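Novice:
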Amino acid sequence: MNHKPTWRRSLIMFVTLVGLFGVTACGEDDRRVEPVADCGVCADGEVCGADGLCAPFDANCLDTCDSLGAVCGEVCGQACGACIEGAVCREGACVCQPTCLAKTCGAGDGCGGTCDPCPSDENCPDCILRAHVIDRTYDNGRLDRVTIAVDYNPPEGAELPGIADLRFDLSGPAKVVRTGIAKRLHERGKTIHRDGLTGQAWSMLGEERLQLLLLSKTGNEKLDAGRLALFELQVGSSEEPALVPIVISLIEREQIFAPKLADEALWTSSIGDPISIWPEVGHE
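Going by the working numbering, the sequence shown wraps up at 615, each residue one higher than the last.
1) Please say whether Cys449 and Ile602 have beta carbons closer to each other than 9 angstroms?
2) Have a look at Leu497, Cys411, Glu571 and Glu518 and flag the residue whose alpha-carbon is nearest the alpha-carbon of Thr510.
3) Round the Cβ separation of Glu405 and Cys436 to the nearest angstrom and send it over; I've been treating them as touching at under 8 angstroms.
4) On the DSSP letters alone, give me the boundaries of the beta strand (DSSP E) that Glu377 sits inside.
5) Spell out the partners DSSP gives Ile512 in its beta bridges.
6) Start and end of the beta strand (DSSP E) containing Leu491?
7) In the DSSP assignment, what residue or residues form a beta bridge with Arg473?
8) Tell me His285's beta-bridge partners as DSSP assigns them.
9) Report the rounded CA-to-CA distance for Val419 versus Gly520, giving the unit in angstroms.
10) Apart from the five residues on each side of it in sequence, which residues of its chain come closer than 7 angstroms, Cβ to Cβ, to Leu597?
11) DSSP three-state call for Ser601: helix, strand or coil?
12) Which one or two residues does DSSP pair with Lys521 in a beta bridge?
13) Can you give me the start and stop residues for the alpha helix (DSSP H) that Glu595 sits inside?
14) Would you report the Cα separation of Ile606 and Leu384, rounded to the nearest angstrom?
15) Taking all protein chains shown into account, decide if Glu583 is buried (16 or more other Cβ within 10 angstroms of its Cβ) or exposed.
16) Taking DSSP's pairing of strands, which residues face Phe499 in a bridge?
17) Using 10 angstroms around the beta-carbon of Pro590, count the other beta-carbons present and answer buried if the total reaches 16, otherwise exposed.
18) Below 8 angstroms, can you find three or more Cβ-Cβ pairs linking the region 525-537 to the region 477-484?
19) Does DSSP classify Ser398 as helix, strand or coil?
20) Go ahead and pull the three-state DSSP assignment for Thr529.
21) Kindly identify the DSSP beta-bridge partner or partners of Ile606.
22) Ignore the nearest five residues each way along the sequence and tell me which others in Gly353's own chain have a CB closer than 6 angstroms to its CB.
23) Check whether the Cβ atoms of Cys403 and Ala386 sit closer than 9 angstroms, and answer yes or no.
24) Hey, Leu559 and Asn454 are a contact pair by Cβ (cut 8 angstroms); roughly how many whole angstroms apart?
25) Restricting to Cα atoms, I'd like to know which of Ala401, Pro486, Pro492 and Asp397 is closest to Leu516.
26) Would you tell me roughly how many angstroms separate the C-alpha atoms of Asp369 and Gly400, rounded to the nearest one?
27) Could you tell me the boundaries of the beta strand (DSSP E) in which Glu405 lies?
28) How many Å lie between Trp609 and Pro576 at the Cα?
29) I'd like the list of long-range same chain contacts for Asp500, defined as Cβ closer than 7 angstroms, with 5 residues on each side in sequence excluded.
30) Do you know how far the Cα of Cys431 is from the Cα of Cys411?
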């Protein structure tokens with residue numbers, strides 16, 4: 332059930348720390364899917380640390396490039412060297428910088444690996460809770476919208492839920508623009524909870540976590556087999572087309588369903604594999 336942080340989430344956390352503590356980024360940017368960029372230089376009286384942050388120069392610092400084996404960056408205000416093109420400096424060492432900007436899935440990343448994740452339109456083919464792409468729309472040849480549906484396929488005789496709390500990790504250049512609930516469920520008094528702040532029929536728990544909370548407006552009808560809900564994503568924009576993949580992962584956790592007996596049916600089912608959508612992609 333572990334979800335690996337994406338480069339975008341890591342970058343957001345880094346920028347947040349910079350903002351909170353008033354420090355300045357320096358050195359080179361290490362984002363995997365974009366070209367290496369210079370993050371800036373430090374002010375007079377400051378040095379660029381191995382963590383990529385500017386810090387006051389310490390006159391008592393006795394370390395040298397040689398004593399630490401550093402071949403790049405700075406040690407106690409001493410420049411240790413620069414990396415060749417295609418490499419970045421990390422803690423005094425030059426390391427290969429993968430480049431996957433707008434590349435094909437499976438293409439070499441320039442560092443002996445391959446560009447991933449490869450495309451996948453579903454989290455699982457025959458699982459209890461299946462999320463999958465049901466529609467794509469294009470604007471002048473550019474991928475513009477993607478619609479994801481969530482289908483429920485309970486085992487025979489399983490306890491059916493009355494509530495579903497569906498949460499997804501989202502990464503990449505996409506945002507939620509619309510959600511919907513299956514017509515048969517709507518006719519039985521089911522609805523998607525509207526966020527108290529935005530009024531939208533979904534909630535964002537942080538910048539990259541989507542919540543669809545299916546509740547009852549009236550009565551206590553169960554969620555039966557079939558389609559539960561869908562959501563539509565806008566991909567990039569005409570001014571800023573998407574160049575990297577969108578990754579959507581249904582979060583495996585307890586209390587997706589209520590009551591507990593209905594939720595227990597999910598505990599032995601693997602539903603967390605990511606859906607990966609590339610704007611332009613092929614297999615090598």
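For glycine and all other residues, C-beta sits at the position ideal for the given N, C-alpha and C. Just so you know, these numbers come straight off a predicted model, no measurement behind them.
Specialist: The short version:
1) Start at 1 with the first residue of the sequence shown, and residue 602 comes out as number 271. Start at 1 with the first residue of the sequence shown, and residue 449 comes out as number 118. Contact flag unset, no.
2) Locating residue 510 in the sequence shown gives position 179, where the first residue counts as 1. Leu497 is the residue among Leu497, Cys411, Glu571 and Glu518 whose C-alpha sits nearest the C-alpha of Thr510.
3) Counting from one through the sequence shown, the residue named residue 405 turns up at place 74. Counting from one through the sequence shown, the residue named residue 436 turns up at place 105. Between Glu405 and Cys436 a beta carbon distance of about 38 angstroms is seen, past the 8 angstroms cut, so the two are scored as non-contacting.
4) Translated into the one-based positions of the sequence shown, residue 377 becomes position 46. Run containing Glu377: Glu377 to Cys379, per the beta strand (DSSP E) assignment.
5) Along the sequence shown, read from residue 1 onward, the residue named residue 512 stands at position 181. According to DSSP, Ile512 bridges with Ala560.
6) Counting from one through the sequence shown, the residue named residue 491 turns up at place 160. Unbroken run through Leu491: none, as it is neither H nor E.
7) Sequence index remark: in the sequence shown, residue 473 carries index 142 (1-based). DSSP links Arg473 through a beta bridge to Asp470.
8) Shown here, the chain extends from 332 to 615; a query on residue 285 therefore has no answer.
9) Working through the sequence shown from its first residue, we reach residue 419 at position 88. Working through the sequence shown from its first residue, we reach residue 520 at position 189. Put simply, the backbone Cα of Val419 is about 56 angstroms away from that of Gly520.
10) Counting from one through the sequence shown, the residue named residue 597 turns up at place 266. Within the same chain, Leu597 has close Cβ partners Ile459, Leu460, Ile587 and Phe588.
11) For this step, residue 601 is matched to residue 270 along the sequence shown. In the three-state scheme derived from DSSP, where H, G and I count as helix and E and B as strand, Ser601 is classed as coil.
12) Taking the first residue of the sequence shown as position 1, residue 521 is located at position 190. The partner list for Lys521 (beta bridge, DSSP) reads Ser547.
13) On the sequence shown, residue 595 is found 264 positions in, with the first residue counted as 1. Per DSSP, Glu595 belongs to the alpha helix (DSSP H) from Lys591 to Glu595.
14) Indexing the sequence shown from 1 puts residue 606 at position 275. Indexing the sequence shown from 1 puts residue 384 at position 53. Taking the straight line joining both Cα atoms gives about 35 angstroms.
15) Working through the sequence shown from its first residue, we reach residue 583 at position 252. With 16 or more other Cβ atoms within 10 Å, it is buried.
16) Within the sequence shown, numbered from 1, the residue matching residue 499 stands at position 168. In the DSSP assignment, Phe499 is bridged to Leu541 and Leu581.
17) As a position in the sequence shown, residue 590 is number 259, starting the count at 1. Exposed is the call here.
18) No, the region 525-537 is not in contact with the region 477-484.
19) In the sequence shown, counting from the first residue as 1, residue 398 sits at position 67. DSSP places Ser398 within a helical segment (H, G or I) once states are collapsed to three.
20) The count along the sequence shown starts at 1 and reaches residue 529 at position 198. DSSP places Thr529 outside both helix and strand once states are collapsed to three, so it counts as coil.
21) As a first step, residue 606 is located in the sequence shown; it is residue number 275 there, counting from the start. Answer is Ile579, bridged to Ile606.
22) Your numbering for residue 353 matches position 22 in the sequence shown. Note that Gly353 scores 45 on pLDDT, short of 50, meaning its location in the model is unreliable; the coordinates nonetheless yield the value given after this. Exclusion of the five residues before and after Gly353 leaves no residue of its chain whose Cβ lies closer than 6 angstroms to its Cβ.
23) Within the sequence shown, the letter at position 72 stands for residue 403. Within the sequence shown, the letter at position 55 stands for residue 386. Not closer than 9 angstroms, so no.
24) Locating residue 559 in the sequence shown gives position 228, counting from the first residue. Locating residue 454 in the sequence shown gives position 123, counting from the first residue. So it is not a contact: roughly 14 angstroms between Cβ atoms.
25) Within the sequence shown, the letter at position 185 stands for residue 516. Of the candidates Ala401, Pro486, Pro492 and Asp397, the one whose C-alpha sits nearest the C-alpha of Leu516 is Pro492.
26) Here residue 369 refers to the residue found at position 38 of the sequence shown. Here residue 400 refers to the residue found at position 69 of the sequence shown. Legend: pLDDT at Asp369 = 48, less than 50; position of this residue unreliable, no value from coordinates given.
27) In the sequence shown, counting from the first residue as 1, residue 405 sits at position 74. Counting along the chain, the beta strand (DSSP E) containing Glu405 begins and ends at Gly404 to Val406.
28) As a working note, residue 609 is residue 278 in the sequence shown. As a working note, residue 576 is residue 245 in the sequence shown. Answer to the nearest angstrom: the Cα atoms are 4 angstroms apart.
29) Counting from 1 along the sequence shown, the entry for residue 500 is found at position 169. Taken in chain order, the residues that qualify are His334, Glu539, Arg540, Ser580 and Ile582.
30) Position 80 of the sequence shown holds residue 411. Position 100 of the sequence shown holds residue 431. Answer to the nearest angstrom: the Cα atoms are 29 angstroms apart.
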